[in-house]
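Here is the structure we will look at.
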Amino acid sequence: MKKEAIITLPHPHLRQKSRRIFVVDDAAKKLVDDMVSASLDWENSRSHEISAALAAVQIDRLERIIIIRNDFDHKTTQDFTALINPEIIKLEGAIVSDYEGCLSVGGGIYGRVPRANKIRVRALDISGNELRFKATGFLARVIQHEIDHTNGILYVDHIKQQSDAFFKLDTKGELKPLDYAAHVKDSRILWE
-1 MKKEAIITLP
9 HPHLRQKSRR
19 IFVVDDAAKK
29 LVDDMVSASL
39 DWENSRSHEI
49 SAALAAVQID
59 RLERIIIIRN
69 DFDHKTTQDF
79 TALINPEIIK
89 LEGAIVSDYE
99 GCLSVGGGIY
109 GRVPRANKIR
119 VRALDISGNE
129 LRFKATGFLA
139 RVIQHEIDHT
149 NGILYVDHIK
159 QQSDAFFKLD
169 TKGELKPLDY
179 AAHVKDSRIL
189 WE
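Numbering follows our numbering, with no gaps: position 131 of the sequence shown is 129.
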């Protein structure tokens, strides 16, 4: 699957809740493979960004599946872990604001989003086995971001009223503050 399969705002499915998976079958495994290939194709088209994760809804499949990159630090490592029906069972630790981007939010827009820095998660793996684990730091942030997608929420929704929370990636790969009044506040793309 190619990066063109990734839907972006204002696509209405991004604002819908995804369905639970009741059987982890070959169709679910194929969906995971499609998600990985779309994610990597997107990443290969960008010099300064990695594809940290993807939710099935982002390739227009309203199913509760997310994939998360196994190594956030090296673009050459292209392995992902699938989580099926992921849910946060507990938020812990401090609330920390940090930068997030999204393959479904176009224009190189990033935001500084507050999230819990420690979470407890329950999900199924690709074999249908139940997983329970703790995640901290960036991994916790990524999981929260992707689970939001399965609930029809995007990171921009958390910071909609914060004029100093939006940034744009420049050609050198650096984040620069975005003019909120001109590019964010009344954006039909972000909010409709």
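Even glycine gets a Cβ: it sits at the ideal position worked out from N, Cα and C. These numbers come from a predicted model, not from an experiment.
Residues in its own chain within less than 8 Å of residue i by CB, not counting five upstream and five downstream?
{"i": "H11", "result": "I5, V55, D58 and L60"}
{"i": "I19", "result": "A26, E61, R62, I63, I82, N83 and L122"}
{"i": "S125", "result": "V22"}
Which first and last residues belong to the alpha helix (DSSP H) in which residue i is found?
{"i": "A163", "result": "Taken as a continuous stretch (DSSP letters only), A163 belongs to no alpha helix (DSSP H), as it is neither H nor E."}
{"i": "E98", "result": "Looking at the DSSP string, E98 is not in any alpha helix (DSSP H); the run it does join, the beta strand (DSSP E), is F78 to E98."}
{"i": "A179", "result": "Y178 to H181"}
{"i": "T148", "result": "G135 to T148"}
{"i": "V154", "result": "Y153 to H156"}
By Cβ distance, which residues of its chain are closer than 6 Å to residue i, with the 5 residues on each side in sequence left out?
{"i": "F131", "result": "V119"}
{"i": "S161", "result": "Y178"}
{"i": "E85", "result": "R120"}
{"i": "V94", "result": "N115"}
{"i": "G171", "result": "H46"}
{"i": "H156", "result": "V111"}
{"i": "I87", "result": "R118 and R120"}
{"i": "G106", "result": "K166 and L167"}
{"i": "L129", "result": "A121 and D123"}
{"i": "A53", "result": "I64, E144, H147 and T148"}
How big is the Cα-Cα spacing for residue i and residue j?
{"i": "Q76", "j": "A133", "result": "20 Å"}
{"i": "L173", "j": "R110", "result": "11 Å"}
{"i": "D32", "j": "A3", "result": "9 Å"}
{"i": "A25", "j": "I63", "result": "12 Å"}
{"i": "S16", "j": "A114", "result": "23 Å"}
{"i": "L176", "j": "C100", "result": "16 Å"}
{"i": "V34", "j": "D69", "result": "14 Å"}
{"i": "A51", "j": "K166", "result": "20 Å"}
{"i": "T148", "j": "A180", "result": "30 Å"}
{"i": "D39", "j": "S49", "result": "9 Å"}
{"i": "D146", "j": "S37", "result": "18 Å"}
{"i": "L152", "j": "H143", "result": "7 Å"}
{"i": "G91", "j": "I141", "result": "15 Å"}
{"i": "V30", "j": "F78", "result": "9 Å"}
{"i": "D184", "j": "Y108", "result": "17 Å"}
From which residue to which residue does the beta strand (DSSP E) around residue i run?
{"i": "R118", "result": "I107 to L122"}
{"i": "L173", "result": "L173 to P175"}
If residue i and residue j are in contact, beta carbons under 8 Å, what's the gap, nearest whole angstrom?
{"i": "P8", "j": "R186", "result": "7 Å"}
Give every residue of the same chain whose Cβ lies closer than 7 Å to the Cβ of residue i, excluding the five residues on either side of it in the sequence, and list them in chain order.
{"i": "R13", "result": "G150"}
{"i": "V182", "result": "F164, L176 and L188"}
Handout entry: Ordered list of beta strand (DSSP E) runs contained in the segment 6 to 74, each at least 3 residues
Key = 51 to 53 and 63 to 67
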